[in-house]
Structure formats: C-alpha cells, structure tokens
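Asks: Line by line, the protein sequences are chains A and B. The opening residue of the first sequence carries number 155 in the working numbering; numbering runs sequentially from there. The opening residue of the second sequence carries number 155 in the working numbering; numbering runs sequentially from there. If you scroll down you'll find the structure; I have some questions about it.
Protein chains: 2
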Amino acid sequence: MVSKALLQTAIEQFGRLGFEGASTRDISRISGTAMSSITYHFGGKEGLYLAAADHIAESIAALLVPMLDGLRASGAASRDAAVEALLAILDSLAQVMLRPESEHWARFIIREQQAPTEAFDRLYNGVMSKVLEAMLDLMTHVRPDYDDRHRRAAATLLVGQAMMLRAGRAAVCRVFRAETIDEPLAQLLRAQLRTHALCILSEKSA
Amino acid sequence: MVSKALLQTAIEQFGRLGFEGASTRDISRISGTAMSSITYHFGGKEGLYLAAADHIAESIAALLVPMLDGLRASGAASRDAAVEALLAILDSLAQVMLRPESEHWARFIIREQQAPTEAFDRLYNGVMSKVLEAMLDLMTHVRPDYDDRHRRAAATLLVGQAMMLRAGRAAVCRVFRAETIDEPLAQLLRAQLRTHALCILSEKSA
DNA sequence: GTCTATACTACGATAGAC
DNA sequence: GTCTATCGTAGTATAGAC
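Printed below as a string of structure tokens:
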C-alpha cells in the first residue's frame with residue numbers, strides 16, 4: 155500500500171511545511187518508497203497535494219457527517235431540541251479539534267484558509283459546508299427572529315470558539331501554562347464552550 | 155532603508171510560504187537588493203525570520219497595548235464597567251483581525267501557532283500575553299464566582315471568536331458567499347461578536 | 001508497480017570587489 | 001553597506017531497467 159503511505163506522509167509534511175516547503179524527496183523517503191512513485195500514483199507533487207486534501211475531507215466527514223442528519227431531525231422538534239442539537243455539533247467540532255490525530259489535518263486546513271487553492275474547495279465542499287448547513291438549519295429554529303445574515307454570523311463565531319482549540323493551540327497552552335492540552339483541560343474547555351454557546355443560543359430574542 | 159524593505163518583504167514571504175518555503179533569493183529580489191544584504195543585516199535566513207516576528211509583535215502592540223492600561227483602570231470601577239472594557243478589547247482585536255494589513259501578520263502568527271519556534275515566544279511575550287493579562291484582570295471583576303482556570307478558558311474562547319475572522323477567513327467568506335469581507339459585513343460580524351460577548355459576560359452567575 | 005540514474009533548476013551562504 | 005560571482009546542496013521531473 156505505497157499510495158496510502160504516501161498520502162499519510164504527504165498530509166503530515168504539507169501540513170508542517172506547506173506546499174512549497176515540503177519536498178517530494180522527503181515524502182517518498184519517509185514513506186519508504188521512491189520519488190517516482192509520486193509521479194506514478196498522483197501525477198506529481200500537485201496531484202499528491204490535492205489527493206491529501208480529499209483524504210482529509212473524507213476523514214473528517216466520516217467523523218461528523220453521519221450524525222448531522224439525526225441532529226437536524228431531532229432539532230426540528232422544538233427550540234430547546236434545536237439548541238441541544240447545536241450544542242452537540244459544537245462539542246463534536248471541539249472534540250475533533252482536540253484529537254491528537256487532527257493536528258496534521260488542522261495544519262493543512264489552516265494553511266488553506268490563509269491562502270485558498272483548489273484544495274480548499276475540496277475541503278469546504280467535502281465537510282465544512284455540510285456542518286455549516288446543518289448549523290444554519292438548526293439556527294432557524296433557535297433564532298427565528300434573526301435574519302439569514304445574522305444567523306450566519308452567529309454560527310460562524312460559535313465555530314470560532316471551537317476552532318481556537320486548534321488554530322490558537324500554542325496560545326491556549328501558554329494561557330494555561332501547559333505543555334499540551336491534557337484530558338482535564340480538554341474537559342474544562344469543552345464545558346466552557348458549552349456554557350458560552352448555551353448562553354448565546356438560549357438568550358431571549360433581542 | 156534596505157533593512158526595512160527586507161523586513162516587510164520577509165513578513166509577507168514567510169507568512170505566505172513558511173520558513174522553508176520562502177527563499178532569501180526572492181525576498182532580496184523583491185526588496186530590490188542583493189541576497190548578501192540579508193546576511194549582512196540579519197546574519198542569515200533565521201535571523202531575518204526572528205526579526206520579522208519582533209517587528210510583527212511591535213506593530214500589533216502599538217495598536218493595542220496603549221489602550222489596555224486605560225481599560226484596566228476604567229474597568230475596576232464596577233462590574234458593568236469591566237464588561238464594557240472587555241467588550242472594547244474584543245472589538246479592538248476583531249478590528250485588528252479585519253484590517254487588510256493584518257493579513258501577512260496573521261499568516262505568520264498562525265503558522266507559529268501550529269508549530270511554535272523561538273519566534274512564537276517573541277510574539278506571545280510581545281503582545282499576546284499583555285492582551286490576555288488585561289482580559290484576565292477584567293475577568294476577575296466580571297466573574298468573581300469563577301476560579302482562575304474557568305476565567306482563562308472563558309477569555310480564550312472569547313478571543314477565539316475574534317480570531318475566526320482571520321484564521322477562518324476563507325470559510326467566513328464562503329459562508330457569506332462573498333469574495334472579501336467588506337465594510338458592512340465587517341460591521342455585522344463585529345456587532346454579532348459584541349452580542350455574543352455581552353451575553354456571555356453579563357449572564358448571571360451559575 | 002517500483003526501482004535507479006540522471007537532467008536541470010533553485011536553494012542558502014560566503015568571499016571579495018567597490 | 002551593497003554589489004557580483006561562485007560553491008555545495010537539495011529541489012522536481014523523467015527516462016528506462018526490472
């Protein structure tokens with residue numbers, strides 16, 4: 155399974171070093187194969203990069219998408235149910251951000267956020283849009299008084315709190331004077347995120 | 155002012171391409187000087203990188219730090235005053251994130267968050283810690299019922315909403331089906347951030 | 001399918017002229 | 001202080017053996 159190894163190594167290397175910084179020499183060497191295997195399996199460096207984006211989107215989608223339909227359905231029952239469903243989505247996002255495995259995905263994605271290429275389209279269409287659509291759907295039940303743009307702004311900012319756990323990881327660790335986010339700290343952050351989100355979502359209409 | 159030009163170009167190139175991806179050849183060419191000027195002024199590629207981090211920290215500190223002492227003082231008057239001071243800090247952060255000039259800073263900083271080097275120390279000690287200390291100080295007035303770790307978690311997550319405006323820029327634009335964040339959208343996002351923060355900070359104790 | 005060998009370009013650093 | 005010239009290394013891509 156040379157192509158699988160190349161894909162895994164590519165995600166790590168592209169995430170750490172960026173497209174230009176990563177070298178196909180290193181990727182193939184770490185994967186235990188020859189450089190020319192990249193050309194054979196993916197057509198070249200760029201093909202490998204896009205394949206890595208697809209693989210990341212599929213991996214995250216596998217973790218999140220299956221639960222979205224259920225939450226959308228259960229959230230239609232009442233406003234409180236929609237709030238709970240939104241809290242569940244946010245906590246799932248937070249858990250993904252806290253997973254050690256998400257480190258390389260996150261680096262890759264955050265790079266693409268700063269300078270989107272075709273790879274960002276694949277990430278957005280593959281996962282992000284699905285999560286956001288589910289959130290916006292639930293937001294219509296929670297915030298019928300908001301217009302569409304306000305609901306989008308609210309959902310975006312709520313996601314920001316979860317994203318902080320990855321995108322601002324180094325700062326989070328400094329704030330807590332910790333080397334890493336261990337399990338008790340992770341639970342504290344998730345609980346606080348829930349408190350914040352509950353407060354924002356259940357506040358009576360302005 | 156060759157060294158100034160090199161510094162500016164370095165921030166842009168390191169931000170876009172990362173340390174490994176950026177080339178001293180390009181940086182010197184874009185700056186209109188010779189490669190060897192980098193060796194002369196900064197000792198080499200790494201010295202230039204650290205100098206770029208210092209320059210970013212100083213630039214952001216110049217925008218934020220002067221207001222922090224005043225807000226800390228005014229926030230000591232009452233709980234409501236502390237809430238208002240915190241809202242002012244968050245809005246300033248949001249404005250920094252929304253500034254077009256912050257694009258290159260942000261890329262540089264976000265890269266360092268994912269893989270901190272000595273440059274992150276300079277960024278954290280130069281600006282981030284000062285903003286966070288001011289926020290935590292105000293939080294003791296707003297949330298005397300929280301323990302220190304909960305206050306740190308709350309402050310961190312609040313900052314996350316502002317950070318989303320930069321770190322998740324591409325996703326924000328997609329959500330609003332916009333090419334860029336124009337002035338009306340920026341105001342909408344800032345207003346929503348204020349609503350969220352106000353809701354979180356003024357909620358009665360749990 | 002996977003390898004070795006190689007062609008060609010670009011990298012960072014430095015020596016030395018001015 | 002800034003330049004040109006050059007060294008040694010490492011980059012991607014490709015041709016061709018097996």
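Ideal Cβ placement from N, Cα and C applies to all residues, glycine included. None of these values were measured; they are calculated from a predicted model.
Please check if any C-beta of chain B sits within less than 8 Å of the C-beta of residue 347 (chain A).
Replies: Yes, residue 347 (chain A) lies at the interface with chain B (some Cβ there is under 8 Å from its Cβ).
Asks: Assuming residue 251 (chain B) is part of the alpha helix (DSSP H), what are its boundary residues?
Replies: That run of the alpha helix (DSSP H) goes 233–252.
Asks: Once DSSP output is grouped into helix, strand and coil, what is the label at residue 300 (chain A)?
Replies: Of the three classes helix, strand and coil, the one that applies to residue 300 (chain A) here is coil, per DSSP.
Asks: Once the 5 residues before and after residue 348 (chain A) are set aside, which same chain residues still bring their CB inside 8 Å of it?
Replies: Within the same chain, residue 348 (chain A) has close Cβ partners 241, 244 and 245.
Asks: Just the chain B side, please: which residues come within less than 9 Å of residue 278 (chain A) by C-beta, in chain order?
Replies: The answer, in chain order, is 324, 325 and 328.
Asks: Any beta-carbon of chain B closer than 8 Å to the one on residue 196 (chain A)?
Replies: Not closer than 8 Å to any Cβ of chain B, the Cβ of residue 196 (chain A) fails to qualify, so no.
Asks: My assumption, with CB atoms under 8 Å, is that residue 252 (chain A) sits in contact with residue 311 (chain A). Please give the rounded CB distance.
Replies: Contact flag wrong, Cβ pair sits at about 19 Å.
Asks: Excluding the 5 residues flanking residue 274 (chain A) on each side, which residues of the same chain have their C-beta closer than 6 Å to its C-beta?
Replies: Within the same chain, residue 274 (chain A) has close Cβ partners 266.
Asks: On the three-state DSSP scale, how would you describe residue 289 (chain A)?
Replies: Of the three classes helix, strand and coil, the one that applies to residue 289 (chain A) here is helix, per DSSP.
Asks: Could you tell me whether the region 285–298 of chain A touches the region 331–350 of chain B, where touching means 3 or more Cβ pairs closer than 8 Å?
Replies: Segments in contact, no.
Asks: Please check if any C-beta of chain A sits within less than 8 Å of the C-beta of residue 271 (chain B).
Replies: With 8 Å as the cut-off, residue 271 (chain B) does not count as an interface residue toward chain A.
Asks: Given 8 Å as the limit, is there contact between the region 186–200 of chain A and the region 181–193 of chain B, that is, 3 or more CB pairs closer than that?
Replies: Too few Cβ pairs lie closer than 8 Å, so no.
Asks: Cutting at 7 Å between CB atoms, please list the residues of its own chain near residue 360 (chain A), excluding the five before and the five after it.
Replies: At residue 360 (chain A), the pLDDT of 49 sits below 50, so the modelled position is not reliable; the number obtained from the coordinates is stated separately. So the list is empty, once near-sequence residues are dropped.
Asks: Do the CB positions of residue 164 (chain A) and residue 206 (chain A) come within less than 8 Å of each other?
Replies: Yes; because the gap between Cβ atoms is below 8 Å, this pair is in contact.
Asks: Output needed for residue 176 (chain B): all residues of its chain with C-beta closer than 7 Å, excluding positions within five of it in sequence on either side, in chain order.
Replies: Result list for residue 176 (chain B): 167 and 168, in chain order.
Asks: I'd like the list of long-range same chain contacts for residue 289 (chain B), defined as Cβ closer than 7 Å, with 5 residues on each side in sequence excluded.
Replies: These residues qualify, in order along the chain: 240, 243 and 309.
Asks: My output table needs one value for residue 275 (chain B): the three-state DSSP class, helix, strand or coil.
Replies: If DSSP states are grouped into helix, strand and coil, residue 275 (chain B) belongs with the helices.
Asks: With residue 223 (chain B) as the anchor, note down where its alpha helix (DSSP H) starts and where it stops.
Replies: Unbroken alpha helix (DSSP H) run through residue 223 (chain B): 199–229.
Asks: Examine chain A for any beta-carbon lying closer than 8 Å to the beta-carbon of residue 175 (chain B), and answer yes or no.
Replies: Residue 175 (chain B) counts as touching chain A.
Asks: Is the CB-CB distance between residue 346 (chain A) and residue 350 (chain B) below 8 Å?
Replies: No, the Cβ-Cβ distance between residue 346 (chain A) and residue 350 (chain B) is not below 8 Å.
Asks: Can you give me the Cβ contacts of residue 184 (chain B) inside the same chain, cut-off strictly under 6 Å, excluding the 5 residues immediately before and after it?
Replies: Same-chain partners within the cutoff: 163.
Asks: Looking only at its chain, what residues have a beta carbon closer than 8 Å to the beta carbon of residue 339 (chain B), apart from the 5 residues adjacent to it on each side?
Replies: These residues qualify, in order along the chain: 330 and 332.
Asks: Listed in chain order, which residues of the region 279–291 of chain A have Cβ atoms closer than 9 Å to some Cβ of chain B?
Replies: Taking 9 Å as the Cβ-Cβ cut-off against chain B, the residues of the region 279–291 of chain A that qualify are 282, 283, 286 and 290.
Asks: With burial defined as no fewer than 16 other Cβ atoms inside 10 Å of the residue's Cβ, what is the status of residue 121 (chain A): buried or exposed?
Replies: No statement about residue 121 (chain A) is possible, as the shown extent of chain A runs from 155 to 360 and does not include it.
Asks: Using beta-carbon positions only, say whether residue 211 (chain A) and residue 326 (chain A) come within less than 8 Å of one another.
Replies: For residue 211 (chain A) and residue 326 (chain A), no; Cβs fall outside 8 Å.
Asks: Report yes or no: is there a C-beta of chain B within less than 8 Å of the C-beta of residue 181 (chain A)?
Replies: Judged by the 8 Å Cβ criterion, residue 181 (chain A) is not in contact with chain B.
Asks: Establish whether the CB of residue 221 (chain A) and some CB of chain B are separated by less than 8 Å.
Replies: For residue 221 (chain A), the answer is no, since every Cβ of chain B falls outside 8 Å of its Cβ.
Asks: On the premise that residue 159 (chain B) lies in contact with residue 186 (chain B), defined as a C-beta separation below 8 Å, what is that separation, rounded to the nearest angstrom?
Replies: Going by Cβ atoms, the distance from residue 186 (chain B) to residue 159 (chain B) rounds to 7 Å, so yes, they are a contact pair.
Asks: Looking at the structure shown, is residue 270 (chain A) part of a helix, part of a strand, or coil, going by DSSP?
Replies: Of the three classes helix, strand and coil, the one that applies to residue 270 (chain A) here is coil, per DSSP.
Asks: Is there a Cβ of chain A sitting closer than 8 Å to that of residue 334 (chain B), yes or no?
Replies: Not one chain A Cβ lies under 8 Å of residue 334 (chain B).
Asks: Would you mind reading off the limits of the alpha helix (DSSP H) that contains residue 358 (chain B)?
Replies: Looking at the DSSP string, residue 358 (chain B) is not in any alpha helix (DSSP H), and its letter there is neither H nor E.
Asks: So, are the CB atoms of residue 317 (chain B) and residue 229 (chain A) less than 8 Å apart?
Replies: Not closer than 8 Å, so no.
Asks: Alpha carbon to alpha carbon, how far is residue 353 (chain A) from residue 357 (chain B)? Give it in angstroms, no decimals.
Replies: Looking at the two C-alpha atoms, the distance is approximately 7 Å.
Asks: Closest to residue 342 (chain B) by CA distance: which of A:302, A:217 and A:181 is it?
Replies: Among A:302, A:217 and A:181, the Cα nearest to that of residue 342 (chain B) belongs to A:302.
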